[in-house]
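Asker:
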Amino acid sequence: MGELSLAQLPFTSNSTISASVSINNVLNDSLLVEILQRLPSISVLRAKSVCKHWFSLLSDPCFLQSFVRFHDHHALPFTLVYEFHFWHRCLSDHLHHNFHMVSEHKKFQLQGFHLGFLPCFRPWESHPIWVVACHKDLLVCCHLKMSLLQGVYYICNPLTKQWLNLPPSPGHHRVADTAIGFITCEKSVSLNSFKLVQVPKLDSCVSNGNCFEVNVFSSEVGEWRNFKISSPQSFTRTWQFRPESITVNNKFHWLVNSSNIVVVDPFELAEGSCRVIELPAELNLDIGICLGFCQDYLRVCQISRGWSNCLLVVWKLLDYVTGNWDLEYETSLKEMAFFENVSLHKFGFSTMEALAFHPVDFGILYLRFNNQIVMCDVGRKTLEVVSECLQDSSFSVGTCGVFLLMHPCWPSLIPSPLS
Numbered sequence: 001m002g003e004l005s006l007a008q009l010p011f012t013s014n015s016t017i018s019a020s021v022s023i024n025n026v027l028n029d030s031l032l033v034e035i036l037q038r039l040p041s042i043s044v045l046r047a048k049s050v051c052k053h054w055f056s057l058l059s060d061p062c063f064l065q066s067f068v069r070f071h072d073h074h075a076l077p078f079t080l081v082y083e084f085h086f087w088h089r090c091l092s093d094h095l096h097h098n099f100h101m102v103s104e105h106k107k108f109q110l111q112g113f114h115l116g117f118l119p120c121f122r123p124w125e126s127h128p129i130w131v132v133a134c135h136k137d138l139l140v141c142c143h144l145k146m147s148l149l150q151g152v153y154y155i156c157n158p159l160t161k162q163w164l165n166l167p168p169s170p171g172h173h174r175v176a177d178t179a180i181g182f183i184t185c186e187k188s189v190s191l192n193s194f195k196l197v198q199v200p201k202l203d204s205c206v207s208n209g210n211c212f213e214v215n216v217f218s219s220e221v222g223e224w225r226n227f228k229i230s231s232p233q234s235f236t237r238t239w240q241f242r243p244e245s246i247t248v249n250n251k252f253h254w255l256v257n258s259s260n261i262v263v264v265d266p267f268e269l270a271e272g273s274c275r276v277i278e279l280p281a282e283l284n285l286d287i288g289i290c291l292g293f294c295q296d297y298l299r300v301c302q303i304s305r306g307w308s309n310c311l312l313v314v315w316k317l318l319d320y321v322t323g324n325w326d327l328e329y330e331t332s333l334k335e336m337a338f339f340e341n342v343s344l345h346k347f348g349f350s351t352m353e354a355l356a357f358h359p360v361d362f363g364i365l366y367l368r369f370n371n372q373i374v375m376c377d378v379g380r381k382t383l384e385v386v387s388e389c390l391q392d393s394s395f396s397v398g399t400c401g402v403f404l405l406m407h408p409c410w411p412s413l414i415p416s417p418l419s
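Going by the UniProt record's numbering, the sequence shown opens with residue 1, and the numbers climb by one from there.
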């Protein structure tokens, strides 16, 4: 059976209440559930407002379980949120901040992506909101100026526009210098259990480079706590990383100094230790590296460029304990074909970087060529421009972060804001 929409239900918008009463007289609850569970989740949420009986029926945990079972075999759509700053090459010395998305979700495809529903949104500012972390279909955001003063974070679902603000975090930390990890309870559709881990920039005044501090907010405790973490090896004073974490096996992974992956278990912070995974020695540490995951494997990708070639290299972490990597593929972008009448030579020596891995298909990656998002299919040897960050080519683009949302059949629900 094809996907139903709310408009296909047997009542009209002009007489919703009377029609729903007549439906309730004809159909029993089991038949209503059988019909309504076939709707998209957004339509079900709207259907709750039809009448009190429907609200009660659709709010019942039994309906939710039935809905999830019905949709469980469907592939989950994903959304790639690309966060970037941009500036005019000739006229402006001022950085602006923006988001761009590539999505398989129908609502985002039709209505676009924005965070204007958050109370910290200031549309007149050049840096209104920063996204700093994600998990499942939820984002963690902050206001740049507020975060410098208070460290206020917002957890939100951009699909349902629900949000939750956390108490101010301790200390004052720049967004660009702070790594954030966020994880929720996998067994619940409601945000009733989560952890947010904040890793400030390593202090250059600290003599012991094997230790660093993390601030943690846990929903069970309801407050921020500080933990000291020891590392099996010392880090240089330069703490360079893409601040978003990659979550695999319920652990946070950050790429540090383009040479190591720091692994922190948010559920074992009391032990005060972390792991460090060395990157493959064959990678060029002077070139940008993309850290990601696909099919529960940690992966790294790099685009190396020379006068005669442009290589895309992907490594997969085979053994999590020993840190053994396997070269998954090495392919030349110049041997690939664009779907459109576009040649790779068009981009010359412009910016090329790997942004993210497809969450399911290990042969597909998302790259950035200048202002354009390109889908790279290694198996088919094709390149396809799927979106454009900015249509004005006089602007230059710099990457701030890349966040991959996986949309479950029922969106994660966020309770009322914390008191």
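Each residue gets a CB set at the ideal place from its N, CA and C atoms; glycine is no exception.
All values reported here derive from a predicted model rather than from experimental measurement.
State the start and end residues of the unbroken alpha helix (DSSP H) segment that holds ALA179.
Answerer: Here ALA179 belongs to no alpha helix (DSSP H); instead the beta strand (DSSP E) covers 179-184.
Asker: Taking just the CA atoms, how far does GLU83 sit from THR399?
Answerer: Near 6 Å, if we compare the C-alpha coordinates of GLU83 and THR399.
Asker: Which residues share a DSSP beta bridge with residue 442?
Answerer: It is not possible to answer for residue 442, since the shown part of the chain is limited to 1 through 419.
Asker: Give a yes or no on whether the C-beta atoms belonging to LEU118 and CYS141 are separated by under 8 Å.
Answerer: Closer than 8 Å, so yes.
Asker: Please determine if the segment 319-326 and the segment 386-398 are in contact, where contact requires at least 3 C-beta pairs separated by less than 8 Å.
Answerer: No: fewer than three Cβ pairs fall under 8 Å.
Asker: Report buried or exposed for VAL402, applying the criterion of at least 16 other Cβ atoms within 10 angstroms of its Cβ.
Answerer: The residue is buried, with at least 16 neighbouring Cβ atoms inside 10 Å.
Asker: Let me know the secondary structure DSSP gives GLN410 once reduced to three states.
Answerer: According to the sequence shown, residue 410 is Trp rather than Gln. Coil, per DSSP.
Asker: Can you grab the Cα-Cα spacing for the pair THR178 / HIS71, in whole Å?
Answerer: Using only the alpha carbons, I get a separation of about 38 Å.
Asker: What are the residues that DSSP puts in a beta bridge with LEU166?
Answerer: Answer by DSSP bridge pairing: none, since LEU166 is not bridged.
Asker: For GLN391, count neighbouring C-beta atoms within 10 Å of its own C-beta (all shown protein chains included) and say buried if the count is 16 or more, exposed if not.
Answerer: Exposed is the call here.
Asker: Check TYR329 in the structure and name its three-state DSSP category.
Answerer: Three-state result, TYR329: strand.
Asker: Got a sec, what are the start and stop residues for the beta strand (DSSP E) ALA75 sits in?
Answerer: It is not in any beta strand (DSSP E) - ALA75 carries neither H nor E in the DSSP assignment.
Asker: If you count every other CB in all the chains shown that lies within 10 Å of the CB of PHE357, and 16 or more means buried, which is it?
Answerer: PHE357 comes out buried.
Asker: Are the segment 55-63 and the segment 33-41 touching, with three or more C-beta to C-beta distances below 8 Å?
Answerer: The answer is yes - the segment 33-41 touches the segment 55-63, with three or more Cβ pairs under 8 Å.
Asker: Where do the ends of the beta strand (DSSP E) carrying ALA270 lie?
Answerer: Looking at the DSSP string, ALA270 is not in any beta strand (DSSP E), and its letter there is neither H nor E.
Asker: What separation, rounded to the nearest whole angstrom, lies between the Cα atoms of VAL50 and ILE414?
Answerer: Looking at the two C-alpha atoms, the distance is approximately 22 Å.
Asker: Please tell me whether TRP254 has its Cβ less than 8 Å away from any Cβ of chain D.
Answerer: Of the protein chains in this structure there is only one, and it is not chain D.
Asker: With 16 as the cutoff for other CB atoms within 10 Å, does VAL221 come out buried or exposed?
Answerer: Per the 10 Å Cβ criterion, exposed.
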